[in-house]
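Let me begin by presenting the structure, written as structure tokens, before commenting on it.
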Amino acid sequence: MEIKTFGIIGAGQMGNGIAQIAAMSGIDIIMNDIKQEFVERGINTITKNLSRRVDKGKMSAEDKDAVLGRIKTSVDLKDMANAGFVVEAAIENEAIKFEIFKSLDTICRPDVILATNTSSIPIGRIAAQTNRPEKVVGMHFMNPVPVMKLVEVIRGLETSDETFQTTWDLSIKLGKTPAEANDYPGFIANRILLPMLNEAVYCLYHGVGSREDIDTVMKLGMNHPMGPLALADLIGLDTCLAIMETLYDGFKDSKYRPCPLLRKYVEAGRLGRKTGRGFYEY
Ligand code: CAA
Numbered sequence: 006m007e008i009k010t011f012g013i014i015g016a017g018q019m020g021n022g023i024a025q026i027a028a029m030s031g032i033d034i035i036m037n038d039i040k041q042e043f044v045e046r047g048i049n050t051i052t053k054n055l056s057r058r059v060d061k062g063k064m065s066a067e068d069k070d071a072v073l074g075r076i077k078t079s080v081d082l083k084d085m086a087n088a089g090f091v092v093e094a095a096i097e098n099e100a101i102k103f104e105i106f107k108s109l110d111t112i113c114r115p116d117v118i119l120a121t122n123t124s125s126i127p128i129g130r131i132a133a134q135t136n137r138p139e140k141v142v143g144m145h146f147m148n149p150v151p152v153m154k155l156v157e158v159i160r161g162l163e164t165s166d167e168t169f170q171t172t173w174d175l176s177i178k179l180g181k182t183p184a185e186a187n188d189y190p191g192f193i194a195n196r197i198l199l200p201m202l203n204e205a206v207y208c209l210y211h212g213v214g215s216r217e218d219i220d221t222v223m224k225l226g227m228n229h230p231m232g233p234l235a236l237a238d239l240i241g242l243d244t245c246l247a248i249m250e251t252l253y254d255g256f257k258d259s260k261y262r263p264c265p266l267l268r269k270y271v272e273a274g275r276l277g278r279k280t281g282r283g284f285y286e287y
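Heads up: the sequence shown runs through residues 6 to 287, numbered per our numbering.
Put into structure tokens, the structure is as follows:
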């Protein structure tokens with residue numbers, strides 16, 4: 006199935022990254038968010054990323070203009086009536102995602118697949134908000150989207166083979182390598198990654214090491230491209246906490262308990278890079 010117009014809900018760090026790579030692969034985009042300033046911020050980030058590519062000689066100025074020309078912005082969800090495939094990349098909040106899916110179900114054509122970039126909310130629970138659960142699928146991109154090669158494609162209980170295959174093929178068209186996961190808390194990526202990040206926060210909380218030493222150990226000792234505390238700041242500490250809560254609630258196993266220090270930072274508004282302060286200052 007050829008997808009001519011790709012709808013993206015959310016112009017934040019995930020949404021604008023998805024818009025950038027999709028527009029670079031020749032697809033027309035409608036990028037939606039709730040406020041004009043949010044979509045403008047998203048476009049500014051994309052423009053900055055593309056300009057960097059031009060400066061490095063990886064893209065011509067004409068191609069940059071063509072990519073930007075393929076991205077339309079919107080602050081009205083009804084504009085998704087024109088989309089042939091929609092991915093939701095809004096904030097990691099169940100109630101908000103449920104509202105978006107209920108609305109999309111009434112706005113989008115019945116044949117349109119509704120994908121979610123959720124990092125941990127069960128696909129089946131999101132699908133149940135719609136009258137098309139067979140057309141709901143997880144399409145989980147990694148941050149930073151333009152750089153990371155993976156897309157985790159997640160099958161909900163009702164996801165049809167056709168929906169799964171279309172999403173898998175689209176991931177490849179976007180230049181990514183898909184991997185298949187089933188719908189259990191955290192899927193594969195975050196089931197493995199987040200307990201490691203949470204344990205790094207416990208190391209800080211218990212005074213095992215400073216933030217710099219914890220990150221140095223994992224960078225130089227394990228060849229991770231960045232330390233776990235810096236990575237948590239990149240992901241967003243609110244998102245990290247939400248994922249740990251999902252793992253803890255989903256398995257009722259104490260090994261997934263979120264570190265109290267992580268919660269304390271989130272409550273204080275230290276959410277990582279996006280607020281200028283997390284485990285580090287930016
Ligand atoms: N947007 C676009 N491009 C970016 C970028 C961003 N935010 N950050 C870096 N880049 C690009 C740079 O422009 C550079 O491009 P070129 O090679 O074309 O020059 C390239 O990436 C490398 O960047 P840097 O040299 O500045 O820095 P680096 O080599 O240290 O790499 C990094 C930065 C790619 C972020 C690397 O540190 C890394 O891979 N970190 C781990 C990231 C990770 O684990 N992500 C997964 C998070 S989990 C997740 O997303 C799932 C979830 O649900 C929580």
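Backbone N, C-alpha and C define an ideal beta-carbon position, used for all residues, glycine too.
Bear in mind the structure is a predicted one, so any value in this text is a computation, not a measurement.
Thr164 is the residue among Thr50, Thr164, Glu157 whose C-alpha sits nearest the C-alpha of alanine 133.
For asparagine 54, same chain residues with a beta-carbon under 8 angstroms away, outside a window of 5 residues either side, are Gln25, Pro151 in chain order.
Within 8 angstroms of the C-beta of methionine 147 there is at least one heavy atom belonging to the ligand CAA. Arginine 275 and proline 263 have their C-alpha atoms spaced approximately 16 angstroms apart. The beta carbons of arginine 160 and leucine 252 sit no closer together than 9 angstroms. Looking from the CA of leucine 239, the closest CA among Gly17, Gly12, Ile8 belongs to Gly17. Looking at the DSSP output, proline 183 bridges to Val156. Annotation: the continuous beta strand (DSSP E) that includes glycine 143 extends over 141-146. Within the same chain, and ignoring the five residues on either side of glycine 129 in sequence, the residues whose Cβ sits closer than 8 angstroms to its Cβ are Pro138, Gly161, Leu162, Glu163, Asp188.
Here the alpha carbons of arginine 114 and serine 125 stand approximately 27 angstroms from one another.
Around the beta carbon of leucine 198, 16 or more other beta carbons lie within 10 angstroms, which makes this residue buried. The Cβ atoms of leucine 82 and isoleucine 101 do not sit closer than 9 angstroms to each other.
Cβ atoms of phenylalanine 90 and phenylalanine 11 come within 8 angstroms of each other, at about 6 angstroms.
Proximity of the beta carbon of lysine 61 to the ligand CAA is indicated: a heavy atom of the ligand is located closer than 8 angstroms.
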